[in-house]
Amino acid sequence: MEIERKLEAMGLVLPAAMQTPTEVKLPFVQVRVRGSRATIAGHGPLKANGTLFEPLGKVGAEVSLEQGYQAARATALAILASLKRELGDLDRVTAWLRGFGMVNAAPGFTQTPAVINGFSDLILDLYGPEAGSHSRSAIGVAELPFSIPVEIEAEVEIAS
Amino acid sequence: MEIERKLEAMGLVLPAAMQTPTEVKLPFVQVRVRGSRATIAGHGPLKANGTLFEPLGKVGAEVSLEQGYQAARATALAILASLKRELGDLDRVTAWLRGFGMVNAAPGFTQTPAVINGFSDLILDLYGPEAGSHSRSAIGVAELPFSIPVEIEAEVEIAS
Amino acid sequence: MEIERKLEAMGLVLPAAMQTPTEVKLPFVQVRVRGSRATIAGHGPLKANGTLFEPLGKVGAEVSLEQGYQAARATALAILASLKRELGDLDRVTAWLRGFGMVNAAPGFTQTPAVINGFSDLILDLYGPEAGSHSRSAIGVAELPFSIPVEIEAEVEIAS
């Protein structure tokens, strides 16, 4: 439980499962494990109780760059919470492989890497440079579900 | 041929290969198989004869939410048609892993998950909750080729 | 070193590592190798010295379709340069699996496949139809980092 000890030492809490704000059905799984690989659904940022992190909206308009960074960090925590529910122990993640960061970008907002760093910095702090390294994209998309400011999809390697 | 029997029982037909509406060259493969994994190119919705499903345009403007859902369902059929051409038998898909849903979203249209459900619902109906479960994202993008309303990329596990 | 001989015969040069135009931190790796698979971070087009390829901006506005094609070709070279740094020899790539092409699209610009062909054509020229074939998407996104016209993420199989 080393990763969870680190989270606790950093004062960070894994959020509860997402409380969707509408009646929308979400007929998919948050984490799909086959063999030593897990693909992770696009996650948004959550508060500790599983409701959507605020403020909602577009980064560069309603949401500042710094708030966007915090949203990407909260998204990393939401992903870790899903992995914990699926795997039981976050130490079973032996390597992060890919992070795909999508920023709900206001027109002209191009500092998308600085936003998604909120995700990458936390993963590297927790897992270190060996297991935590990942390839990454950080793009600006037109719209995101529920007007969340950030959504991140990922892939990890896991111990069998 | 269990999946194809289910398709027939549901009155669904796999479309012919895409007839591109322009002279554009598409120098890639629809399904790339290596070992037990297949990555699937971004597909759009097709009519049975392989021409583009209509209406074209942005969901939330020219295309309604319900039409978007039907387009995502038609996109699932187009993906299944590509898999059938590549694998011979759709039963060789042993697990769906990842669906990446891209909605050609009108400004302010955020109900992208409800659109991409047209894909997920059909895959789950056909393959059931074990093989059919998949991680998923559903985002709004700025533009899609040929003004299609929906494009979906996916990944599956296959029997060798 | 067959691929590098082909590059030389075609008069093509792999660019130096990216010189980021701003003080932004990029805390991720360009290529993540685990076993026989490598995921490749989203790359943009570079000049030989590693600075950003020009013109910057949106394809369909500041950047023409033909310039977008050249940008996608330069992006393929940037990806090959990252693979060379990671793998030592580009012949270790035994199969291209997936290309995910993101075009910084002006409103209404839908010829995104014709842009990303600059990537696919070069990969197929270099690796041939067996190893070079890949599944692909080519979408229009709202914004890209540093206003680059094209970003491409990819995945390859490598010899151990």
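Protein chains in written order, with the numbering used here: chain L, 14 to 173; chain E, 14 to 173; chain Z, 14 to 173. C-beta: ideal position from N, C-alpha, C; glycine also.
Of all Cβ atoms in chain L, is any one closer than 7 Å to the Cβ of residue i?
i	result
phenylalanine 41/Z	yes
glutamate 67/E	no
serine 148/E	yes
alanine 118/E	yes
alanine 5/E	Given that chain E is displayed from residue 14 to residue 173, the structure contains no residue 5/E and the question cannot be resolved.
I need the DSSP call for residue i, collapsed to helix, strand or coil.
i	result
glutamate 143/E	helix
valine 42/E	coil
leucine 110/E	strand
glutamate 156/L	strand
asparagine 62/L	coil
glutamate 67/E	coil
isoleucine 16/L	helix
threonine 125/Z	helix
isoleucine 161/E	coil
threonine 88/Z	helix
alanine 74/E	coil
glycine 24/Z	coil
glycine 81/E	helix
glutamate 170/L	strand
alanine 94/L	helix
glycine 55/E	strand
serine 133/L	helix
Nearest chain E C-beta to residue i closer than 7 Å, yes or no?
i	result
arginine 47/L	yes
methionine 31/L	no
histidine 56/Z	no
isoleucine 165/L	no
alanine 87/Z	no
alanine 144/Z	no
arginine 111/Z	yes
leucine 137/Z	yes
serine 133/Z	yes
glutamate 156/L	yes
phenylalanine 169/L	Just to set this straight, residue 169/L is valine in the shown sequence, not phenylalanine. False, the Cβ-Cβ gap to chain E never drops below 7 Å.
phenylalanine 4/Z	The structure shown does not extend to residue 4/Z, since chain Z is modelled only from 14 through 173, so no value can be given for it.
valine 37/L	yes
alanine 84/Z	no
alanine 61/Z	no
Is residue j closer than 7 Å to residue i when the C-beta atoms are compared?
i	j	result
alanine 89/Z	isoleucine 152/Z	no
glutamate 170/E	serine 49/E	yes
proline 158/E	alanine 91/E	no
glutamate 17/E	leucine 103/E	yes
valine 154/E	alanine 84/E	no
phenylalanine 66/L	alanine 87/L	yes
alanine 119/E	alanine 74/E	yes
leucine 139/Z	lysine 38/Z	no
Buried or exposed: residue i, going by 16 or more other Cβ atoms within 10 Å of its Cβ?
i	result
threonine 35/L	exposed
glutamine 32/E	exposed
valine 26/L	exposed
lysine 71/L	buried
proline 142/Z	exposed
methionine 115/L	buried
glutamate 156/L	buried
proline 184/L	Nothing about residue 184/L can be read from this structure; chain L reaches only from 14 to 173.
arginine 111/Z	buried
serine 173/Z	exposed
asparagine 117/E	buried
serine 77/L	exposed
alanine 22/L	exposed
glycine 81/Z	buried
Does residue i have its Cβ less than 7 Å from a Cβ in chain Z?
i	result
threonine 125/L	yes
isoleucine 152/L	yes
valine 76/E	no
serine 173/L	no
methionine 14/E	no
methionine 115/E	yes
asparagine 130/L	yes
Does any C-beta atom of chain A lie closer than 7 Å to the C-beta of residue i?
i	result
isoleucine 53/L	Although the question refers to chain A, the structure presented lacks it and instead comprises the protein chains L, E and Z.
Could you tell me whether any non-hydrogen atom of the ligand MN is closer than 6 Å to the CB of residue i?
i	result
alanine 127/L	The ligand content of the structure shown is nil, which means the ligand MN is not present either.
- Task: Specify whether the stretch 121 to 136 of chain L and the stretch 119 to 139 of chain E touch according to this definition: at least 3 beta carbon pairs, one from each stretch, less than 8 Å apart.
- Result: no
- Query: Is there contact here, the stretch 39 to 48 of chain Z with the stretch 143 to 162 of chain L, by at least three beta-carbon pairs under 8 Å?
  - Reply: yes
- Message: Closer than 8 Å is the cut-off here; do at least three beta carbon pairs connect the stretch 161 to 169 of chain E with the stretch 57 to 64 of chain Z?
- Response: no
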